[in-house]
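Engineer: Sharing a structure below in structure tokens format, with a few things to ask.
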Amino acid sequence: MIRFTQTFFFFIWLNTVVLGKGFEDLSYYEKFDTAVQSYKEGRYRLSEIYFTAILVDERDYKDPAAQLLMAKSQYRQGQWDKALRSCKSVLSNFSGSPYESDAMILLGDIALARGKITSAFQHYLSVRPLIEDLLYLNEIDERLYTCIGIGVKEERIEGFLFREKNAFNRAIINLARAYQSWKNGDAYDLSMVLNGIDTFYLPGFFAGVFGALHSVQKGALSRSVTLAVILPLSGLDREKGQSYLLGLAEYLEGRSSSKSIRFLIYDTGGSGVNALRIVSSLPSNPAVTAILGPLTPEEIYGLAGLKSPLPILIPKSASPGLSDLSQNLFFLSPSSKTIAQRTAQMMVRELGFEHIAVLSHGSGKTKLMTDYFLEECHQLGIDPVAVEWYIEKPENLSRQLKNIRRAAWSLVPEKKPEDQVMNLEIDSLDALFDVDVTDFFELPPEDEIMDRKDSAKVFLETIQAMYIPIRPDELTYIGTQLPVYNLKTLLFGNENWLDMDLLNQEVIGPHVQGMRVISDVSSALSASNQDSFTNFHALALDHADFIQSIIDRGVLKRRQFLEQLRNQPGFHGKSTSIFFTGKNKNENGSAQVLEYAKKRLRTLGVFDGESFSHTTE
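Going by the working numbering, the sequence shown opens with residue 12, and the numbers climb by one from there.
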């Protein structure tokens, strides 16, 4: 709530100062602070406009900080050419400034985003000796790690070594060469290069990769099962792809097996056309047993209906119906339709509920999920007692929630006329939003004698469960209104409820205790305070383990791999479970059942629509 309040007051200030006073009338420092705030909030187009205005009106392009942030704003919008020009302007006009290192790193980021991996590698190497801050250095090493994983051009590596004088950089370059030897299956060159690396100068960030490559013996390459990994390692979705790649690398570092996994990395740039081109070319490579990826919806849609002899494992897709279009596409996460179906099945089939209510946005993905939920309820012989929709921002849901309470009242068993409660009027909440939200929770004890004026304060338990799938920006609005209507019910939400900072606020959390969320990932992952890219890293660890479990059964050939996928008994990883269902037995039908209570999430178990496997945390 504090974060929400701060944001609210900032917008009031912005409207008053910027719109009322006029941006051109602000002082330089006010303009700069406004532009920086816009950048922090992800309003990159607006921040670019503000920084441009500052440079033109105030400093005549003599402000390196404003130029750098303008370049970063352009970069965040995918305007690579403009960002490149702005970045070079900083370096050429302000040589030796405190922002020089940042500009050089941004040049590397632009190159990486455009798929120029070797150029990005070179930029990161050039700036690395200039950085003293260990955390900052770690960020650069992570970028270098990504470049090595994608693949630095072999013909350029020798040139880098010839010119490079820094011992740490030379060790990193040799590691890149060793990785290329491993990808090429050249055991002799791999051994020779690794033996030439002075580990004293190899940064700790790369120690795991060095150890994994060093453990490979000359005969081990022939015992590896090779998977082509297709990810958006450049372009707008590069952070997701890079996070997934780092997860795969982390798995390999800690794994030793007689039959190991060997990953060949391909960069799609986030393009569906590139993904299709790469996938179409791989069957001709006899070394490739299967494909892992692609990752983004655009890339996946391009593969719909593709007939490939290679099994293709899709890490994450929320799009329903795709699994029916190709028998060789295997979806490692349940679709949005499956999640909605499992939610309905949990309510009706597992818990035996008959009285269910629904509150949902009436458009977009949320509407689609709700439709899947309602369809499944109908198939199970249950029609919700109330289904309420809203279209605009849910600032005032009084009409919808009053209708749900009316439905709850209609389910109350008839009592004798002298029963006080049944003589009460149905809720009178017309002036609800004329009071402060903190007043909403000053409710009288349940045993207090009621009259017509406070009938809204009667707790109703007749609705057993309520399904409320919300959009990412709706938690504050809906979470603070629900308690007012005193519906004692088991709430079923979607993953957008799992903003733990907001959910744990006193005006929300205590009133949604016991809430269930059906998810594709476990509670430990869902409750993470880190960004969503953490999901891709953790999923990669599980997916690599899943693939290894198939290889450990003696699988070496494509057909064997495909057969094992169709007949696998089920897999339970640290973050997710995989059990293929559907017409082609190629969509993960397992979902995690999460419970919110006492400011934390826990995983209750795994549910596949038929059986519920309880877990203990």
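The C-beta atom is built at its ideal place from N, Cα and C for all residues, glycine as well.
Round the Cβ separation of ALA551 and LEU259 to the nearest angstrom and send it over; I've been treating them as touching at under 8 Å.
Structural biologist: As a first step, residue 551 is located in the sequence shown; it is residue number 540 there, counting from the start. As a first step, residue 259 is located in the sequence shown; it is residue number 248 there, counting from the start. Here ALA551 really is in contact with LEU259; their C-beta atoms are around 5 Å apart, less than 8 Å.
Engineer: If we call anything under 9 Å between Cβ atoms a contact, is ALA419 one with LEU498?
Structural biologist: Looking up residue 419 in the sequence shown gives position 408. Looking up residue 498 in the sequence shown gives position 487. Yes; because the gap between Cβ atoms is below 9 Å, this pair is in contact.
Engineer: Since I believe PRO326 is in contact with HIS548 (beta carbons under 8 Å), could you give me their beta-carbon distance rounded to a whole number of angstroms?
Structural biologist: In the sequence shown, counting from the first residue as 1, residue 548 sits at position 537. In the sequence shown, counting from the first residue as 1, residue 326 sits at position 315. About 11 Å; that fails the 8 Å criterion.
Engineer: Please report whether the beta-carbon of GLU517 lies at a distance below 9 Å from any beta-carbon of chain D.
Structural biologist: No chain D is part of this structure, which consists of one protein chain only.
Engineer: Following the continuous beta strand (DSSP E) through SER530, name the residue where it begins and the one where it ends.
Structural biologist: For the purposes of this step, residue 530 is identified with residue 519 of the sequence shown, where counting begins at 1. Here the beta strand (DSSP E) through SER530 covers 527 to 530.
Engineer: What number of angstroms, rounded off, separates the C-alpha of TYR401 from the C-alpha of ARG482?
Structural biologist: Your numbering for residue 401 matches position 390 in the sequence shown. Your numbering for residue 482 matches position 471 in the sequence shown. A direct Cα-to-Cα measurement between TYR401 and ARG482 gives close to 12 Å.
Engineer: Do the CB positions of LYS348 and PRO331 come within less than 9 Å of each other?
Structural biologist: As a first step, residue 348 must be located in the sequence shown, where it is residue number 337. As a first step, residue 331 must be located in the sequence shown, where it is residue number 320. Cβ distance < 9 Å, so LYS348 and PRO331 count as in contact.
Engineer: Using beta-carbon positions only, say whether ASP248 and THR210 come within less than 9 Å of one another.
Structural biologist: The residue given as residue 248 occupies position 237 in the sequence shown. The residue given as residue 210 occupies position 199 in the sequence shown. Not closer than 9 Å, so no.
Engineer: Does the Cβ-Cβ distance between LEU79 and SER106 come in under 9 Å?
Structural biologist: As a first step, residue 79 must be located in the sequence shown, where it is residue number 68. As a first step, residue 106 must be located in the sequence shown, where it is residue number 95. Cβ distance not < 9 Å, so LEU79 and SER106 don't count as in contact.
Engineer: If you reduce the DSSP assignment to three classes, tell me which class ASN629 lands in.
Structural biologist: Nothing can be reported for residue 629, as the shown portion of the chain is limited to 12 through 628.
Engineer: Measuring CA to CA, which of SER295, VAL299, THR626 is closest to PHE572?
Structural biologist: To locate residue 572, count along the sequence shown from 1; it is residue 561. With distances taken between Cα atoms, PHE572 lies closest to VAL299.
Engineer: Hey, LEU303 and VAL240 are a contact pair by Cβ (cut 8 Å); roughly how many whole angstroms apart?
Structural biologist: Position 292 of the sequence shown, counting from 1, holds the residue named residue 303. Position 229 of the sequence shown, counting from 1, holds the residue named residue 240. Yes, LEU303 and VAL240 are in contact; Cβ-Cβ is about 5 Å, under 8 Å.
Engineer: Buried or exposed for THR18, please, with buried defined as at least 16 other CB atoms from any protein chain shown within 10 angstroms of its CB.
Structural biologist: In the sequence shown, residue 18 corresponds to position 7, counting from 1. Unreliable placement is indicated for THR18, whose pLDDT of 40 sits below 50; the coordinate value is still reported in the next sentence. The residue is exposed, with fewer than 16 neighbouring Cβ atoms inside 10 Å.
Engineer: Since I believe PRO75 is in contact with TYR39 (beta carbons under 8 Å), could you give me their beta-carbon distance rounded to a whole number of angstroms?
Structural biologist: Taking the first residue of the sequence shown as 1, we reach residue 39 at position 28. Taking the first residue of the sequence shown as 1, we reach residue 75 at position 64. Contact annotation, TYR39 with PRO75: C-beta distance approximately 14 Å; criterion of less than 8 Å not satisfied.
Engineer: DSSP puts ALA368 in a beta bridge; with which residues?
Structural biologist: As a first step, residue 368 is located in the sequence shown; it is residue number 357 there, counting from the start. In the DSSP secondary-structure assignment, ALA368 is bridged to ALA397, MET477.
Engineer: Is the beta carbon of ILE519 closer than 9 Å to that of THR500?
Structural biologist: Working through the sequence shown from its first residue, we reach residue 500 at position 489. Working through the sequence shown from its first residue, we reach residue 519 at position 508. No. Outside cutoff.
Engineer: In chain order, what residues of the same chain have a beta carbon less than 6 Å from the beta carbon of TYR607, not counting five sequence neighbours either side?
Structural biologist: Against the sequence shown, residue 607 aligns to sequence position 596. Within the same chain, TYR607 has close Cβ partners MET526.
Engineer: Please determine, among ILE561, ILE529, ILE562, the residue with the shortest C-alpha to C-alpha distance to PHE623.
Structural biologist: Along the sequence shown, read from residue 1 onward, the residue named residue 623 stands at position 612. Ranking ILE561, ILE529, ILE562 by Cα distance to PHE623 puts ILE529 first.
Engineer: Are three or more beta carbon pairs between the stretch 356 to 368 and the stretch 384 to 395 nearer than 8 Å?
Structural biologist: yes
Engineer: Just the Cα atoms here: how many angstroms apart are SER137 and LEU244?
Structural biologist: In the sequence shown, counting from the first residue as 1, residue 137 sits at position 126. In the sequence shown, counting from the first residue as 1, residue 244 sits at position 233. Distance between the alpha carbons of SER137 and LEU244: 21 Å.
Engineer: Report the three-state DSSP secondary structure of ILE519 (helix, strand or coil).
Structural biologist: Taking the first residue of the sequence shown as position 1, residue 519 is located at position 508. If DSSP states are grouped into helix, strand and coil, ILE519 belongs with coil.
Engineer: Check whether the Cβ atoms of GLU598 and SER337 lie closer than 9 Å to each other.
Structural biologist: Stepping through the sequence shown from its first residue, residue 598 is reached at position 587. Stepping through the sequence shown from its first residue, residue 337 is reached at position 326. Not a contact, by the Cβ cut-off of 9 Å.
Engineer: Who are GLU261's beta bridge partners in DSSP?
Structural biologist: In the sequence shown, counting from the first residue as 1, residue 261 sits at position 250. Per DSSP, none; premise fails for GLU261.
Engineer: Are the stretch 115 to 126 and the stretch 147 to 160 in contact at 8 Å, needing three or more beta carbon pairs?
Structural biologist: yes
Engineer: According to DSSP, is ARG611 part of a helix, a strand, or is it coil?
Structural biologist: Counting from one through the sequence shown, the residue named residue 611 turns up at place 600. ARG611: strand per DSSP, three-state reduction.
Engineer: Quick check on DSSP: helix, strand or coil for ASP445?
Structural biologist: Mapped onto the sequence shown, residue 445 falls at position 434. At ASP445, the pLDDT of 46 sits below 50, so the modelled position is not reliable; the number obtained from the coordinates is stated separately. Helix at ASP445.
Engineer: In the DSSP output, what is GLY616 paired with across the bridge?
Structural biologist: On the sequence shown, residue 616 is found 605 positions in, with the first residue counted as 1. DSSP, once it has assigned bridges, lists VAL604, HIS625 as partnering GLY616.
Engineer: Closer than 7 Å by C-beta to LEU454: which residues in its own chain qualify, once you throw out the five before and the five after it? Chain order, please.
Structural biologist: Residue 454 sits at position 443 when you count from the first residue of the sequence shown. Low local confidence applies: a pLDDT of 43 at LEU454 is under 50, so the model's placement there is unreliable, and no value is given.
Engineer: Helix, strand or coil: how does DSSP classify LEU205 here?
Structural biologist: The sequence position of residue 205 within the sequence shown is 194, counting from 1. LEU205: helix per DSSP, three-state reduction.
Engineer: Thinking GLN579 and ILE561 are a contact (beta carbons under 8 Å), I'd like their distance in whole angstroms, please.
Structural biologist: For the purposes of this step, residue 579 is identified with residue 568 of the sequence shown, where counting begins at 1. For the purposes of this step, residue 561 is identified with residue 550 of the sequence shown, where counting begins at 1. Yes, they are in contact, since the Cβ atoms of GLN579 and ILE561 sit about 7 Å apart, within 8 Å.
Engineer: Three-state secondary structure (DSSP) at TYR212?
Structural biologist: Here residue 212 corresponds to residue number 201 of the sequence shown, with the count starting at 1. In this structure, TYR212 counts as coil in the three-state DSSP scheme.
Engineer: Does the Cβ-Cβ distance between LEU321 and LEU293 come in under 9 Å?
Structural biologist: As a position in the sequence shown, residue 321 is number 310, starting the count at 1. As a position in the sequence shown, residue 293 is number 282, starting the count at 1. Contact: yes.
Engineer: What is the C-beta distance between LEU412 and TYR496, in whole angstroms, given that I count them as a contact (C-beta under 8 Å)?
Structural biologist: For the purposes of this step, residue 412 is taken as the residue at position 401 of the sequence shown. For the purposes of this step, residue 496 is taken as the residue at position 485 of the sequence shown. Rounded, the Cβ-Cβ distance is 5 Å, consistent with contact.
Engineer: Looking at the structure shown, is GLY170 part of a helix, part of a strand, or coil, going by DSSP?
Structural biologist: Position 159 of the sequence shown holds residue 170. Reduced to three states, the DSSP call for GLY170 is helix.
Engineer: Quickly, what does DSSP pair ILE142 with across the bridge? List them, please.
Structural biologist: Counting from one through the sequence shown, the residue named residue 142 turns up at place 131. In the DSSP output, where bridge partners are listed per residue, ILE142 has none listed.
Engineer: Give the list of continuous alpha helix (DSSP H) stretches no shorter than 4 residues that lie fully inside the stretch 314 to 389.
Structural biologist: With a minimum length of 4 residues, the unbroken runs of alpha helix (DSSP H) contained wholly in the stretch 314 to 389 fall at 347 to 356.
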